[in-house]
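Colleague: Take a look at this one; I'll ask things after.
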Amino acid sequence: MIKKHDDLIVETLARLLTPFIQAFALYVLFLGHYSPGGGFQGGVLVAASFILLIIAFDLEKTTERFSEKFNVICNGGGVFIYAGIGVLCILLGGNLLDYSVLSKILPVGPEEARALGILGVEIGVEITVAACLVSIFIDLASKGENLGGS
Amino acid sequence: MSANYPAFIIMVPFISALLIFVIGWWNKRLSCGLVVAVLATVFLLSIGVMKDVMANGTIRYWLGGWEPPWGIEYVVDYLNAFMLVIISFVSLVVTIYSKKSIEKEIPDKIVPFYSLYLLLITGLMGIVITGDLFNVFVFLEIAAISCYALIGVGRKGASYSAFKYVVMGTVGASFYLLGVGYIYLVTGSLNMLDVAEILPSLYGSKIVLTAGVFMLVGIALKMAVYPLHAWAPGAYSDAPSAVSALIAPLMTKVAAYLMIRIFFTVFKPYFFVDVIPLASILTWIAAVSVIAGSIYAIAQSDLKKMLSYSVVAQIGYIALGIGLANEAGLTGAVLHILNEAFTKACVFMVAGAIIYKTGSCNILGFKDLYRKMPFTMSAFLIGAFSMVGIPPTCGFFSKLYLIIGSIDAKQWVFVAVLLTSSILNVIYFFRVIKIAAFEDVIPDYSRTTPYVAYRLDEAPLSMLIPILIMATGILVCGVFSPEIINTVIQHIIPASF
Amino acid sequence: MRKFLGFLVTMATAALLIYSTPEMPNWGDPNSPASTHVSPRYIEKADTETHTPNIVTAVLADYRSYDTMGEAMVVFVAAIGCIMLLRRRQHK
Amino acid sequence: MDFIIAKYNYWIYIILMMIGLYGMIAKNNLAKKVVGMTLFQTAIILFFISTSVKSGGATVPIVMGDPHLHGHVIPGTVHAIQYLNPLPHVLMLTAIVVMVATFGIAVALLMRIYKRYGTLEGDEIVEIRKQEAAL
Amino acid sequence: MIWQLDLILLLLVLITGIAALSVKDLLSSAIILGAYSFLMCLLWTEMGAVDVAFTEATVGAGVSTVFFVAAIYHTTRRTKD
Chain A
1 MIKKHDDLIV ETLARLLTPF IQAFALYVLF LGHYSPGGGF QGGVLVAASF ILLIIAFDLE
61 KTTERFSEKF NVICNGGGVF IYAGIGVLCI LLGGNLLDYS VLSKILPVGP EEARALGILG
121 VEIGVEITVA ACLVSIFIDL ASKGENLGGS
Chain B
151 MSANYPAFII MVPFISALLI FVIGWWNKRL SCGLVVAVLA TVFLLSIGVM KDVMANGTIR
211 YWLGGWEPPW GIEYVVDYLN AFMLVIISFV SLVVTIYSKK SIEKEIPDKI VPFYSLYLLL
271 ITGLMGIVIT GDLFNVFVFL EIAAISCYAL IGVGRKGASY SAFKYVVMGT VGASFYLLGV
331 GYIYLVTGSL NMLDVAEILP SLYGSKIVLT AGVFMLVGIA LKMAVYPLHA WAPGAYSDAP
391 SAVSALIAPL MTKVAAYLMI RIFFTVFKPY FFVDVIPLAS ILTWIAAVSV IAGSIYAIAQ
451 SDLKKMLSYS VVAQIGYIAL GIGLANEAGL TGAVLHILNE AFTKACVFMV AGAIIYKTGS
511 CNILGFKDLY RKMPFTMSAF LIGAFSMVGI PPTCGFFSKL YLIIGSIDAK QWVFVAVLLT
571 SSILNVIYFF RVIKIAAFED VIPDYSRTTP YVAYRLDEAP LSMLIPILIM ATGILVCGVF
631 SPEIINTVIQ HIIPASF
Chain C
648 MRKFLGFLVT MATAALLIYS TPEMPNWGDP NSPASTHVSP RYIEKADTET HTPNIVTAVL
708 ADYRSYDTMG EAMVVFVAAI GCIMLLRRRQ HK
Chain D
740 MDFIIAKYNY WIYIILMMIG LYGMIAKNNL AKKVVGMTLF QTAIILFFIS TSVKSGGATV
800 PIVMGDPHLH GHVIPGTVHA IQYLNPLPHV LMLTAIVVMV ATFGIAVALL MRIYKRYGTL
860 EGDEIVEIRK QEAAL
Chain E
875 MIWQLDLILL LLVLITGIAA LSVKDLLSSA IILGAYSFLM CLLWTEMGAV DVAFTEATVG
935 AGVSTVFFVA AIYHTTRRTK D
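Chains as they are written, first to last, in this note's numbering: chain A, 1 to 150; chain B, 151 to 647; chain C, 648 to 739; chain D, 740 to 874; chain E, 875 to 955.
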């Protein structure tokens with residue numbers, strides 16, 4: 001699974017598909033307000049694109065693009081965005097995760113502020129889900145041998 | 151700002167669990183210090199919440215600013231605040247203890263270990279503080295999943311024990327979720343207080359009955375009551391010693407808290423007593439659990455395994471107190487949660503310290519341990535006293551209330567069970583103490599060299615001090631237990647008794 | 648033995664579930680309590696209060712956003728747990 | 740007969756859940772236990788989704804916006820009867836995430852168990868553990 | 875809501891569920907589990923839970939099947955039951 005098999009068709013297809021999957025993931029994220037989808041589904045799609053790369057090429061080549069340290073930063077970073085927005089709401093005088101008080105720093109009314117807050121936390125969820133699922137897959141596929149941990 | 155204390159109790163350990171990776175890349179050694187600082191903050195915050203509850207009554211904190219049946223809320227009354235203080239105190243003390251033990255047992259995984267450790271505590275805090283039925287499930291799974299991973303890195307073969315826990319814990323959580331689903335089906339609400347208002351008019355319904363049974367069975371699985379205890383001994387004894395010192399006192403007690411919540415807040419107690427006789431079934435199961443756990447404990451030769459079965463026995467006391475559903479019984483159960491949390495933390499830390507020094511915890515190899523590690527073994531003695539129920543310790547008072555509760559309910563069998571289990575506790579604890587204190591190495595008269603003098607070979611201070619704090623805590627809780635009952639536990643008892 | 652135990656537990660659970668199913672609201676009943684107590688407010692006011700036409704997203708990330716934070720936490724816990732369980736020290 | 744037809748989703752979910760529960764308890768192979776766990780959790784999700792269904796023209800819970808208002812609606816024009824109940828969907832999104840997290844940890848533990856014991860059969864592992872304890 | 879489609883899907887879900895548990899090869903079991911998840915996703919789409927179905931399609935039929943296959947690749951396909 002992590003060994004390199006030179007197969008031109010698979011590699012070319014994976015190369016071709018990856019940007020489309022990632023673009024679709026972003027579409028799912030940003031249109032989550034109007035259509036089915038949202039942070040979690042988009043995140044899984046991003047993770048799926050990286051998993052496709054790992055299966056089609058090999059682990060080293062993919063982790064050149066998506067290094068292990070960056071992966072761990074994204075693992076925590078996404079959740080940190082979510083929690084940070086929540087705590088920001090406390091600092092602005094609301095309760096935890098009360099996005100309507102974000103209108104104090106954004107040039108919109110409280111309802112739009114809620115929509116923007118939803119978008120913010122969805123971005124956080126997307127980052128964390130993508131990074132975490134890729135991280136779990138790398139651990140499973142390499143038996144934890146190729147990469148060292150923290 | 152003090153209105154936001156309940157939110158910070160969750161957010162502070164959670165955000166620190168993320169930041170610990172940044173600190174860990176810089177310097178691994180700092181991660182333990184950070185965790186201690188965080189948990190000290192959490193402890194102070196929960197003291198603040200406790201004071202707030204004492205001054206102003208129940209706190210209701212609306213998350214996201216949405217009013218309760220639509221949004222999620224934190225409900226903090228006396229019971230929640232009490233549990234928060236216990237969890238934060240025990241976890242703070244165990245963290246100080248964990249530094250040396252973890253550096254010896256899993257030296258290459260310190261940073262992820264402490265991250266998971268904080269997330270486990272976040273999960274436990276989240277279960278306790280929330281007032282929403284589904285939210286309980288989410289945090290139950292956070293605590294459980296971090297627990298699986300923490301157990302899985304333990305002694306040889308820990309992964310199999312952890313896997314057993316995964317299977318049974320998932321069944322428990324799923325049964326709980328199914329119960330929530332059935333309640334949602336008939337009430338349309340997920341907020342505990344809102345559900346409690348709607349439910350009494352539906353007590354005749356079979357769906358509510360099914361929901362109650364599923365929720366209680368699911369929680370009993372998490373609580374490790376006797377026939378459902380199969381995961382507990384392996385998981386507690388195979389985990390790294392710092393982890394077993396954390397999960398053995400806290401995980402099952404939080405499940406016991408949840409059972410009290412379901413029993414007395416979501417459902418009214420008369421539902422389980424009069425409408426369906428689940429309370430009396432629970433008491434009988436609890437009685438079997440007490441006796442069976444103690445007998446299994448006697449049969450063990452490994453100290454940690456013996457203590458794990460003792461957890462099963464002691465959880466039976468709490469279930470018994472809940473099932474009796476009267477004032478003295480519930481007082482005994484809540485006091486026993488406090489007592490058990492302190493005692494089990496103390497004795498598991500002692501077991502960890504023995505493993506740290508001698509490398510094994512087979513009871514037969516404990517000869518002369520009393521001379522080598524006098525302070526540690528004295529703490530163990532206090533823990534054993536509390537477990538047996540000898541007066542100055544806290545265990546005496548909780549057992550006393552449980553016995554009074556059984557007498558109030560006119561259940562003489564349970565009085566006999568409680569007294570018998572004390573004797574069984576004496577057997578298995580004093581066997582350890584006998585070997586450690588009184589069993590000498592047989593004098594060898596044909597020796598030519600003089601005996602080597604016993605040297606004090608005590609555990610390092612950072613392990614010894616937490617053990618002694620816990621032992622002192624047991625004694626202090628025993629001495630001040632009337633005050634604890636008067637100021638806190640008295641208010642937990644629902645007015646319907 | 649194990650199969651028998653599994654069969655017994657399964658049958659007991661199934662008996663309880665089957666016992667309660669006849670009382671359930673009919674499938675797709677719009678007047679069941681689940682559809683009339685809490686959820687109408689979400690449907691009727693979500694767009695006005697949060698400017699998000701997808702009600703599921705609005706409820707997920709705003710009304711019950713604390714749950715979703717727990718969800719993100721669960722994924723994070725799983726990732727750290729796998730690192731903890733499987734990764735070994737780096738040899739480079 | 741009537742109540743069988745009116746509630747057929749609930750009956751199917753019970754059967755599915757029992758298959759999963761039986762697999763979790765009775766199967767000997769640990770990986771099969773994980774499969775049973777997935778079936779069990781999926782059945783519960785099916786139950787929740789079944790509670791959200793409303794017959795009589797209710798549709799997907801995304802409000803049909805007015806193009807002149809950037810896809811939003813005039814307040815007060817939406818009625819609960821028009822759309823499915825969104826709350827179980829939300830809960831089950833969270834439950835699916837919990838499911839995959841549990842699945843990931845369980846699979847990681849399977850790999851550790853295989854590394855240690857060289858097998859995934861429950862009885863063989865118990866046998867090896869007994870021999871180790873006897874030593 | 876088309877009840878014929880609903881019934882067919884429910885039956886297929888049951889068949890794949892039983893097959894995933896009883897097949898005597900773990901790799902086949904993993905793949906059938908993926909098919910089961912996908913059928914479940916179709917069932918939920920048909921019930922109107924589009925978000926949940928989307929999640930199940932990406933997670934259940936996609937990522938968790940890949941996880942399972944990855945684990946089986948490194949362990950064993952053998953199973954006695």
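Ideal placement from N, C-alpha and C gives every residue a C-beta, glycine not left out.
Taking CB distances under 8 Å as the criterion, tell me whether B:LYS314 reaches chain C.
Modeller: no
Colleague: Answer yes or no: does any C-beta atom of chain E fall closer than 8 Å to that of D:ILE788?
Modeller: For D:ILE788, at least one C-beta of chain E is nearer than 8 Å to its own C-beta.
Colleague: Kindly list the residues whose CB is nearer than 8 Å to the CB of A:LEU96, restricted to its own chain and excluding five residues on each side of it in sequence; keep chain order.
Modeller: GLY86, VAL87, CYS89, ILE90
Colleague: Going by CA-CA distance only, name the one from B:PRO377, B:SER351, B:TYR326 that's closest to B:ALA361.
Modeller: B:TYR326
Colleague: Quick one: does B:GLY214 have its CB under 8 Å from some CB of chain D?
Modeller: no
Colleague: Pull out every residue of the segment 707-726 of chain C whose Cβ sits closer than 8 Å to any Cβ of chain H, in chain order.
Modeller: Judged by its chain identifiers, the structure shown contains no chain H, and its protein chains are A, B, C, D and E.
Colleague: Distance cutoff 8 Å, beta carbons only. Does D:GLY843 sit that close to anything in chain A?
Modeller: yes
Colleague: Given that C:ALA661 touches chain D, what residues does it touch there, using C-beta distances under 7 Å?
Modeller: ILE753, MET757
Colleague: Going by DSSP in three states, B:THR280 sits in which element: helix, strand or coil?
Modeller: Secondary structure at B:THR280: strand, using DSSP grouped into helix, strand and coil.
Colleague: Given a cut-off of 8 Å on the beta-carbon distance, is the pair D:VAL837 and E:LEU907 in contact?
Modeller: Not closer than 8 Å, so no.
Colleague: Is the beta carbon of B:ALA437 sitting closer than 8 Å to the one on B:LEU470?
Modeller: yes
Colleague: Beta-carbon separation of B:LEU349 and B:VAL358 under 8 Å?
Modeller: yes
Colleague: Going by Cα to Cα distance, which pick from D:LYS793, D:LYS746, D:MET850, D:ARG855 is closest to C:MET671?
Modeller: D:LYS746
Colleague: Using a C-beta cutoff of 8 Å, does D:ALA873 count as contacting chain A?
Modeller: no
Colleague: Within 10 angstroms of its Cβ, does A:SER142 collect 16 or more other Cβ (buried), or is it exposed?
Modeller: buried
Colleague: I'd like to know whether the C-beta atoms of B:ILE573 and B:TYR228 end up nearer to each other than 8 Å.
Modeller: Going by C-beta atoms, B:ILE573 is not nearer than 8 Å to B:TYR228.
Colleague: Got a sec? Which residues, its chain only, sit under 6 Å from B:ALA503 by beta carbon, not counting five neighbours each side?
Modeller: Excluding residues within five positions, the ones whose Cβ falls inside 6 Å are THR526, ALA609, MET613.
Colleague: Check distances from the C-beta atoms of the segment 661-681 of chain C to those of chain D and list, in chain order, the residues that come in under 7 Å.
Modeller: ALA661, LEU664, ILE665, THR668, PRO669, MET671, ASN673, TRP674, GLY675, PRO677, ALA681
Colleague: Can you list the residues of chain D that E:VAL937 reaches, using a CB-CB cut of under 8 Å?
Modeller: VAL839
Colleague: Can you list, in chain order, the residues of its chain whose CB lies under 6 Å from that of A:ALA25, leaving out five sequence neighbours each side?
Modeller: For A:ALA25, where only same-chain residues beyond five positions count, the Cβ hits under 6 Å are GLY42, LEU45, VAL46.
Colleague: At what residues does the beta strand (DSSP E) containing B:ILE209 begin and finish?
Modeller: 209-212
Colleague: What does the alpha-carbon distance come out to for the pair B:VAL330 and E:LEU900?
Modeller: 33 Å
Colleague: By the criterion of Cβ-Cβ separation under 7 Å, what are the contact partners of B:LEU371 in chain A?
Modeller: What B:LEU371 touches in chain A: nothing, since even the nearest Cβ is about 26 Å away.
Colleague: Report the option in B:GLU217, B:ALA449, B:LEU485 whose CA atom is closest to the CA atom of B:LEU514.
Modeller: B:ALA449
Colleague: At a Cβ threshold of 8 Å, is B:VAL393 touching chain C?
Modeller: no
Colleague: Do you know offhand how far B:MET342's Cα is from C:VAL656's?
Modeller: 29 Å
Colleague: Assuming contact is defined by CB atoms lying nearer than 8 Å, are B:ILE209 and B:PRO156 in contact in what I supplied?
Modeller: It is a contact, given that the beta carbons lie within the stated cut-off.
Colleague: Specify the secondary structure class of D:TYR749 as computed by DSSP and reduced to three states.
Modeller: helix
Colleague: Please list, in chain order, the chain E residues whose beta carbon lies closer than 7 Å to that of D:HIS828.
Modeller: Neighbours of D:HIS828 on chain E, chain order: ALA923, ASP925, VAL926.
Colleague: Locate the beta strand (DSSP E) running through B:GLU223, then write down its first and last residues.
Modeller: 223-226
Colleague: Please confirm if E:ASP955 has its CB atom under 8 Å from at least one CB of chain D.
Modeller: yes
Colleague: Considering only residues of the same chain and omitting the five flanking positions on each side of B:ILE292, which have a CB-CB separation below 6 Å?
Modeller: GLY273
Colleague: On a Cα-Cα basis, can you pick out the residue from B:GLY319, B:LEU184, B:PHE364 that is closest to B:THR110?
Modeller: Residue 110 of chain B is absent from the model: chain B starts at 151 and stops at 647.
Colleague: Our contact map puts D:ALA847 next to C:GLY728 with C-beta atoms below 8 Å; I'd like the distance itself, whole angstroms only.
Modeller: 7 Å
Colleague: Using a 10 Å radius around the Cβ and a threshold of 16 neighbouring Cβ atoms, would you call B:ILE301 buried or exposed?
Modeller: buried
Colleague: Listed in chain order, which residues of the segment 289-300 of chain B have Cβ atoms closer than 7 Å to some Cβ of chain D?
Modeller: Residues of the segment 289-300 of chain B that bring their beta carbon within less than 7 Å of a beta carbon in chain D comprise GLU291, ILE295, TYR298, ALA299, in sequence order.
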